[in-house]
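Numbering-wise (UniProt numbering), the sequence shown opens with residue 1 and increments by one. Data first, discussion second: the structure below is written as structure tokens.
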Amino acid sequence: MVWDGGMTIWLGTPSVDGLAGAAATLAQWQAEAAPVQLHPGDLGWFWRFGAERTAAATRVWERDGETVAIGLLDEPDLLRLAIAPEALEDDELAQQLVEDLVDPARGVLIEGRVYVESPTGARVKDLLAKDGWGVEEPWTPLRRDLAAPVEDSGLAVEVVGPENAPVRTAVQRASFDGSTFTDERWHAMAAGAPYAAARCLVGRDAQGEPVAAVTVWSAGPGRPGLLEPMGVHRDHRGNGYGQAITLAAAAMLRELGASSAVVCTPSFNVGAVATYRAAGFEALPETRDQVRDS
1 MVWDGGMTIW LGTPSVDGLA GAAATLAQWQ AEAAPVQLHP GDLGWFWRFG
51 AERTAAATRV WERDGETVAI GLLDEPDLLR LAIAPEALED DELAQQLVED
101 LVDPARGVLI EGRVYVESPT GARVKDLLAK DGWGVEEPWT PLRRDLAAPV
151 EDSGLAVEVV GPENAPVRTA VQRASFDGST FTDERWHAMA AGAPYAAARC
201 LVGRDAQGEP VAAVTVWSAG PGRPGLLEPM GVHRDHRGNG YGQAITLAAA
251 AMLRELGASS AVVCTPSFNV GAVATYRAAG FEALPETRDQ VRDS
């Protein structure tokens, strides 16, 4: 870890070898009683760009030898921030985070219009608001409890491995305009530490055509798991395949020991919200990224 910080709270970028530790810490911070925040699966999905780029996009704050916050630069202008549950309302940490975020010399965010996603109830939200940060359009997190078995999806579902990775990547590209998810990037993602507790699923219709796909990420037994991403092939929409592959994803997370399945989508995407609700997910209070214009 290369550190550059103040007296008690240090900001650093992990080495490639240190990424697994950051993912493990994020997993420990996932809990049913804690707010939805950056998940090891988010780090794992970013890993498709390779370990070196993932390390360069990760920021770690440490105090007295303990990690207290982890950030992922999903884009150069967007930091997704996770905070240790016991430090969510910590004034000292919140103040240090704000100082680091607004200081261009710290290398956390670029200058200009930038965005920060932080957990609901985090003290840093209050301080950013006091500094004049605005809010963006709302997102809807949704959660499904996995204490009981998940109903059958009615879809033929296969677990993706190296031999059928091209099917998975093809469905992704057919589900999201502009997707750059290639076979090479699937293999990079699958080589990352978080993928050891993850699965990619592909759903096929009655004719055997791949119609939907999803990746699920476990944070370990008894913790919330994540769906990221889920997509339906553009040629097969309107047939209930989104609901079906979401049910399959929830069932897989339950098999992996997850206590619940979590997903987050922009609130304006009413179709996605309806799909997740149809699969037994309950909407949680909306969240909003904070934005600074200059």
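The beta carbon of each residue, even a glycine, is placed where N, CA and C say it ideally should be.
Just measuring C-alpha positions, the residue of Gly-21, Arg-173, Asp-91, Leu-73 sitting nearest Ala-122 is Asp-91.
Note on geometry: alpha-carbon atoms of Gln-172 and Thr-182 lie some 9 Å from one another. By the Cβ rule, the region 238-258 does not count as touching the region 117-137, because fewer than three pairs are nearer than 8 Å.
Of Val-102, Gly-208, Trp-217, the smallest CA-CA separation from Ser-294 is found for Val-102. Judged by beta-carbon spacing, Val-232 lies beyond the 7 Å limit of Ser-179, meaning their Cβ atoms are not closer than that value. Of the residues assessed, Thr-8 falls on the exposed side of the cut-off, its CB having fewer than 16 other CB atoms within 10 angstroms. DSSP places Trp-186 in the uninterrupted alpha helix (DSSP H) bounded by 183-190. Within the UniProt domain "N-acetyltransferase" (155-294), the complete beta strand (DSSP E) segments of 3 residues or longer fall at 156-159, 198-204, 210-217, 224-232, 260-266, 287-292, listed in chain order. Within the region 94-152, the runs of beta strand (DSSP E) that reach at least 3 residues and sit entirely inside it are, in chain order, 114-117, 134-145. Straight-line measurement puts the Cα of Gln-30 at about 8 Å from the Cα of Gln-37. Between the region 187-200 and the region 40-49, the count of Cβ pairs shorter than 8 Å is three or higher; the stretches touch. For Arg-113, the number of other beta carbons within 10 angstroms of its own is below 16, and it is reported as exposed. Glu-286 and Val-16 have their alpha carbons spaced roughly 34 Å apart. A straight-line Cα-Cα distance of about 13 Å links Ala-24 and Gly-225. Using a Cβ-Cβ distance cut-off of 8 Å, the region 93-101 and the region 48-58 are not in contact, since fewer than three pairs of beta carbons, one from each stretch, lie closer than that value.
Ranking Ala-279, Val-211, Leu-73 by CA distance to the CA of Leu-146 puts Ala-279 first.
Relative to the Cα of Asp-100, the nearest Cα in the group Ala-69, Leu-88, Ala-193, Gly-257 belongs to Ala-69.
Here Gly-12 carries a strand assignment [DSSP, helix/strand/coil].
For Trp-47, the three-state secondary structure derived from DSSP is helix.
Rounded to the nearest angstrom, the Cβ distance from Leu-97 to Trp-61 is 7 Å, consistent with a contact under 8 Å. Val-116 is not a Cβ neighbour of Leu-72, given a cutoff of 7 Å. Secondary structure in the region 17-63: the beta strand (DSSP E) runs of 3 residues or longer, each lying completely within the stretch, are 58-63 in chain order. Residue pairing of Glu-66 in beta bridges, as defined by DSSP: Arg-63. Taking each of Gln-28, Cys-200, Met-230 in turn and checking the Cα distance to Glu-86, the smallest one comes out for Gln-28. When the beta-carbon positions are compared, Ser-260 and Arg-143 come within less than 7 Å of each other. Ala-87 carries a helical assignment under DSSP once its states are collapsed to helix, strand and coil.
Here the region 151-162 makes contact with the region 200-208; the two share three or more CB pairs at distances below 8 Å. Of all alpha-carbon atoms in Arg-288, Gln-290, Leu-284, the one lying nearest the alpha-carbon of Ala-34 is that of Leu-284. For Glu-111, the closest alpha carbon among the candidates Glu-75, Thr-140, Ile-83, Ala-129 is that of Glu-75. Here Ala-55 is near Pro-14, since their CB atoms are less than 7 Å apart.
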